[in-house]
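Down below is the structure, laid out as structure tokens.
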Amino acid sequence: MDLSSYVKGKKIILAITGGIAAYKAANCVSTLRRAGAEVYVVMTENAQAFISPLTLKTLSEHDVITDMFDDKGYVTHISLTEAADLFVIAPATANCLAKMRTGIADDMLSTMLLAFNKDILVVPSMNDNMLENPATVENIEVLKNRGVHFVMPEYGKLATGKIGKGRFPKEELIILKIVELLYVKPLLNSYEEDGYDKLSRVIKGKTFGVTLGATKEYIDPVRYISNGSSGKMGFAFINAINSFEGNLKIIAASHTDERVEWFPYERAGSTEDMCKKVLNIAPALDWLVMSAAPGDYRVETESKSKIKKGSETIELKLVKNPDIITEVKIKFSDLKIIGFAAETDNIEEHAIEKIRKKGIEAICVNEVYKDEKGFNQDKNEITLISKKGKVSFSTMDKEVLAYLILFHLLIKWR
């Protein structure tokens, strides 16, 4: 992703509170600054015990705000809240959440928060017992209901050495949420009033199945037939759905996008294996996103031992694999499915025929021969065709494209 396309010139206040994860915020500051964002760091007194203000000043290229009564003055800092586009708190401690919920303004950070009237993004990080305390749970829920955005902590090794939920999340998930708020939100709102909030409400609590990657059809124990699917489009859907608090059931075939590993998934080998696993999760789904690239054919008889070099040619008899969407629709006719197709010609004709034949909600079609689009690329150019409309999206990052596809199907064409 070309981050500068989304954050260059944007003014972001990034506040750091006094948790052990405070040092990790430095990476976020550096990433945003390199992409051209103006980053203004605010640190609580306790945060300074974990990381030096000088470090953040060097990375942000701005003085760090640490005191209500420093040389810059109270009024200057409050005026920054009027100029800034986004307020990020990463990490946010349990104490910070409690103060936000109750409106306490006893330091520079809490005072600036009360004066800020745009989007606020909070990244909690703390001990799992603190995170799961009823007071913290309630504070987070109240803040969400007020429109505060969250990237929730992940499971992992905590400062105490135990494994639990409360670990500072992956930096890229925070950056992607920032892109969502600065770029995707106004984009969706340009299509329809409150389009972003409408999509968020529709996705929250729904269960989405997402398939991704390339299946492998083995010829012998070491050779197989596959394709170039990376799983990047699948991750883009996972990120968007997760960001809006949708439930996920992921089935992943072979993939090169390491970000998929951040989420729990079932591994699929062959197309037949993926088909069985999709059928297993189908009863729990509201939507199925079939972004995987399952093989259409398999070897009729897989060799049990490695085929040795011999003659100049070798003949393989291929038989047709089950069509996963067709199999799912036979048993679960009401399940809403988004299909994908990689075509080289007559893309709209083929897409319309697949929608009619398979009875799916929509299909995303891309021309795979084009440079820098399709398989194993960060960007894609697709045409989305459904029973209710058609739209072509110019080349864009897959992470943004996923939001647009979901918006058109769940909101614009509902």
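Residue numbers (my numbering): 24 to 437. Using N, Cα and C, we set each Cβ at its ideal position, and we do this for glycine too.
DSSP places residue 234 in the uninterrupted beta strand (DSSP E) bounded by 230 to 235. In this structure, residue 317 sits near residue 234, with a CB-CB distance shorter than 9 Å. Under DSSP, residue 160 forms no beta bridge with any residue. For residue 76, the enclosing alpha helix (DSSP H) has its first and last residue at 76 to 83.
With fewer than 16 other Cβ atoms from the protein chains shown falling within 10 Å of its own Cβ, residue 379 counts as exposed. For residue 340, same chain residues with a beta-carbon under 6 Å away, outside a window of 5 residues either side, are 323 in chain order. Sequence-distant Cβ neighbours of residue 320 in its own chain, meaning closer than 8 Å and more than five residues away, are 240, 248, 341, 342, 343 and 344. Beta-bridge analysis with DSSP links residue 173 to 145.
Taken through DSSP and simplified to helix, strand or coil, residue 315 comes out as coil. Within the same chain, 310 and 384 come within 6 Å of residue 359 by CB-CB distance, once the 5 residues on both sides are set aside. If the five residues before and after residue 218 are omitted, its C-beta is found closer than 7 Å to the C-beta atoms of 211, 212, 430 and 434, all from its own chain and listed in chain order. In the DSSP assignment, residue 34 forms a beta bridge with 61. When the beta-carbon positions are compared, residue 131 and residue 65 come within less than 9 Å of each other. The residue from 338, 189 and 204 with its alpha-carbon nearest to that of residue 154 is 189.
Between the segment 98 to 109 and the segment 157 to 169 there are fewer than three inter-stretch CB-CB distances shorter than 8 Å, so the stretches are not counted as touching. In the same chain as residue 260, and ignoring 5 residues on each side of it, the C-beta atoms closer than 7 Å to its own belong to 233, 312, 314 and 425, in chain order.
The C-beta distance from residue 187 to residue 196 rounds to 18 Å, too long to fall under 8 Å, and the pair is not in contact. The segment 346 to 402 is shown to contain whole alpha helix (DSSP H) runs of 4 or more residues at 347 to 354 and 370 to 381, in chain order.
The DSSP assignment places 294 to 304 as complete runs of the alpha helix (DSSP H) inside the segment 271 to 336, in order along the chain (cut-off: 4 residues). Judged by beta-carbon spacing, residue 49 lies beyond the 9 Å limit of residue 32, meaning their Cβ atoms are not closer than that value. Just so you know, the alpha carbons of residue 178 and residue 282 end up roughly 15 Å apart.
When rounded, the separation of the alpha-carbon atoms in residue 83 and residue 146 is 19 Å. Of the candidates 402, 422 and 400, 422 places its Cα closest to the Cα of residue 203. The C-alpha of residue 300 lies about 31 Å from the C-alpha of residue 221. Annotated as distal: residue 114 and residue 159, with beta-carbon spacing of 9 Å or more. The distance from the Cβ of residue 30 to that of residue 55 is about 6 Å, consistent with a contact at the 8 Å cut-off.
Residues 122 and 127 of the same chain have their beta carbon placed closer than 7 Å to that of residue 133, with the five preceding and five following residues left out of the count.
Looking at the DSSP output, residue 111 bridges to 37 and 144.
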